[in-house]
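One structure is given here, and the rest of the page talks about it.
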């Protein structure tokens, strides 16, 4: 779903302990948390998402970031 987009740094982290720091260092990232995840964009947490929406929300945030880079 993202093969035709310009390259950016995306982090997908499963750990709620180290994940937020690593996801924050990427252009866009997601860190797993209890019952879902937290989406990061431009180094900031932007939203909490339920587990069943994590992939779709990450892809949406990548597209938003590319349209309006925050860096």
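Numbering (my numbering), first residue to last: 576 to 646.
Glycine residues also receive a C-beta, built at the ideal position from the N, C-alpha and C atoms.
As the structure is a computational prediction, the values presented were derived from the model and not from experiment.
Quick check on residue 583: does DSSP put it in helix, strand or coil?
In this structure, residue 583 counts as coil in the three-state DSSP scheme.
Since residue 613 sits in a beta bridge, which residues does DSSP pair it with?
The partner list for residue 613 (beta bridge, DSSP) reads 606, 623.
Can you name the residues that DSSP bridges to residue 588?
DSSP lists 606 as partners of residue 588.
Output yes or no for whether 7 Å exceeds the beta carbon distance between residue 586 and residue 597.
Yes; because the gap between Cβ atoms is below 7 Å, this pair is in contact.
Residue 617 versus 592, 639, 580, residue with shortest Cα-Cα distance
It is 639 whose Cα lies nearest to the Cα of residue 617.
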